[in-house]
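Here you go:
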């Protein structure tokens, strides 16, 4: 099991337009260099296996495209209980398991890091072609900087409800 | 007299979309269908006109769970058409990758999809709260299986290193050594899996049918062999059509198959019934501990046969790693290909049963025709025959129990409906509810 203080987990499929946001932020952070004790992983389109990826860390910062119901490029920080799992019981299929299911499973197993923060960015489009939209591309360094600030600030166990700075906090935040 | 109308609209914890429709009026079964409503996927048409080199990569996308199985079968078909014989090292590495995928798929099915039924919960999520050690074990085992696939195939699913005649990348000896050490450590989890399934009570339901699987003289067959039936038939792979006899039915976007009887069964239970004598001793011990004996005619036991195959594949993967390390991984280039017109058939025992790929290649190296016959498609007629035998025995039970028994039956087959369409939902037809 990987051990360390903080895991930064970028999620998404770069072949699906703005779904490539997570890997793009991972790439940006790798270029900047990160403080010791921080591990960065491109988790791709990971499913339930993400539980094992996150296990053993004290803190995980997750970056992913998210349906916030806002303008493309808007972003928000939120806690996993807001990453809604719609009709999880009824529709459960291995082909559909994603971050929300992994977080639900990790919570049920009581193995999630004590601090889980999701950085969600509203996509403009998630079609069948690689490449970020201009709006989402522009927010990559913004979210990256916010992650670096979060790493630099002393972590607050039990922490704040949100770290959001760039846009309003979407009440209907929904992980895609 | 029982009047029962069951409709399960979208069966959960299976891959893809299918419905079960049961209609019983005055104690007589009127209708019992497994409707397959998954959209046809047209992979065979996609292959036409593509260069032969692309076939394994295109067809591996038929399924994210048995992608290695599709790729391996595809390569076999192409190699048969072009007269290429892969090296021993290639065959050993393909088999190791294949065992990784069988393990991954079987662990997923027995733990995440089947086990919740026996704990009386709707899915793996409540199971994680009540039995975290069971779910953590499953995740741990699945991770190792995935890592094994990635070490050989280049990634967890949709292998990228497998190519015609060989590999584009070979694992290092130290990678294989580490995987070997982890597989040895996994034996304790395999034993715990056997113990778990010993404690679970499976429904008692027997219906004899024909069981079909590939068979080889010196091993429990997964890649190639002869098509062998418990009714005493044996065919070379090239004669697969004499076995499958595909037909179209109005209620299913997947074709049905039949051979010597109204239906036949493929998959782990069929393999066990055909090849139990070839199992590794540790897998035979697991079968004995689980009460699985040939000829087993209880379809619910398919999940138990999968547990036995988990034990087998761990041991055989260890044997393969030992052999590869003793031989040493040799740098090898795939043999040169002389493009020519040809036709070839490949067949493998993928997690859900026998998979066939049949290609026709033109003089220019482009595919002119393709036929893929998927295990779930071959099991559909047999699942319906089981339902027709099972439902009349359940007429005095509440509707929810009937629905549960039918869903568990279909789930035991580990159907992969997306693959076969070219399947789940139970509909109790009509207005009246339950039993009278």
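Chains as they are written, first to last, in the numbering used here: chain W, 17 to 192; chain B, 181 to 616.
The C-beta atom is built at its ideal place from N, Cα and C for all residues, glycine as well.
According to DSSP, residue pairing for residue 329(B) in a beta bridge does not occur. For residue 308(B), the nearest beta carbon of chain W is closer than 8 Å to its own beta carbon.
Residue pairing of residue 528(B) in beta bridges, as defined by DSSP: 403(B), 535(B). According to the DSSP assignment, residue 212(B) belongs to the beta strand (DSSP E) that extends over 208-216. Judged by DSSP in its simplified three-state form, residue 274(B) adopts helix.
Taking a beta-carbon distance threshold of 8 Å, residue 68(W) counts as an interface residue toward chain B.
In the displayed model, residue 433(B) falls within coil according to three-state DSSP, outside both helix and strand.
Take the alpha-carbon of residue 81(W) and the one of residue 137(W): they are about 5 Å apart.
Per DSSP, reduced to three states, the secondary structure at residue 200(B) is strand. DSSP places residue 540(B) in the strand class (E or B) of the three-state scheme. Between residue 591(B) and the set 361(B), 277(B), 532(B), 358(B), the nearest pair of CA atoms involves 532(B).
Think of a sphere of 8 Å around the beta carbon of residue 319(B): the chain W residues whose beta carbon falls inside it are 64, 65, 67, 68, in chain order. By the neighbour-count criterion, in which 16 or more other beta carbons inside 10 Å mark a residue as buried, residue 284(B) falls on the buried side. Taking a Cβ-Cβ cut-off of 9 Å, the neighbours of residue 312(B) in chain W comprise 124, 125, 126, 127, given in sequence order. Residue 528(B) has its alpha-carbon roughly 33 Å from the corresponding atom of residue 32(W).
Nearest CB-CB separation between residue 121(W) and chain B: below the 8 Å threshold. Residue contact with chain W for residue 374(B): absent (no Cβ-Cβ distance below 8 Å to any residue of chain W). With respect to residue 255(B), residue 332(B) sits apart: the two C-beta atoms are not nearer than 8 Å. Contact between the region 422-430 of chain B and the region 460-468 of chain B is absent: fewer than 3 CB-CB pairs across the two stretches fall below 8 Å. In the structure shown, residue 254(B) adopts helical secondary structure according to DSSP, grouped into three states.
Residue 118(W) is a Cβ neighbour of residue 67(W), given a cutoff of 8 Å. Residue 167(W) and residue 155(W) have their C-alpha atoms roughly 18 Å apart.
Membership of residue 299(B) in any alpha helix (DSSP H) is not indicated, and neither H nor E is assigned to it by DSSP. A Cβ of chain W is located within less than 8 Å of the beta carbon of residue 305(B). Residue 562(B) counts as buried, since at least 16 other C-beta atoms from the protein chains shown sit within 10 angstroms of its C-beta. Between the region 333-341 of chain B and the region 444-452 of chain B, the count of Cβ pairs shorter than 8 Å is below three; the stretches do not touch.
Nearest neighbour of residue 565(B) by Cα position, chosen from 510(B), 479(B), 509(B), turns out to be 479(B). The beta carbons of residue 52(W) and residue 151(W) sit no closer together than 8 Å. Of all C-beta pairs linking the region 285-304 of chain B to the region 316-326 of chain B, three or more are shorter than 8 Å, placing the two stretches in contact. Judged by pairs of C-beta atoms under 8 Å, the region 231-244 of chain B touches the region 544-562 of chain B, as three or more such pairs exist.
In this structure, the alpha-carbon of residue 26(W) lies about 15 Å from that of residue 148(W). Residue pairing by DSSP places residue 58(W) opposite 26(W) in a beta bridge.
In the three-state reduction of the DSSP assignment, residue 551(B) falls in the strand class, which pools E and B.
The C-beta distance from residue 390(B) to residue 410(B) rounds to 6 Å, short enough to meet the 8 Å contact threshold. Under the 8 Å criterion on CB atoms, residue 316(B) is classed as interfacial with respect to chain W. Residues of chain W with a Cβ closer than 8 Å to the Cβ of residue 326(B) are, in chain order, 65.
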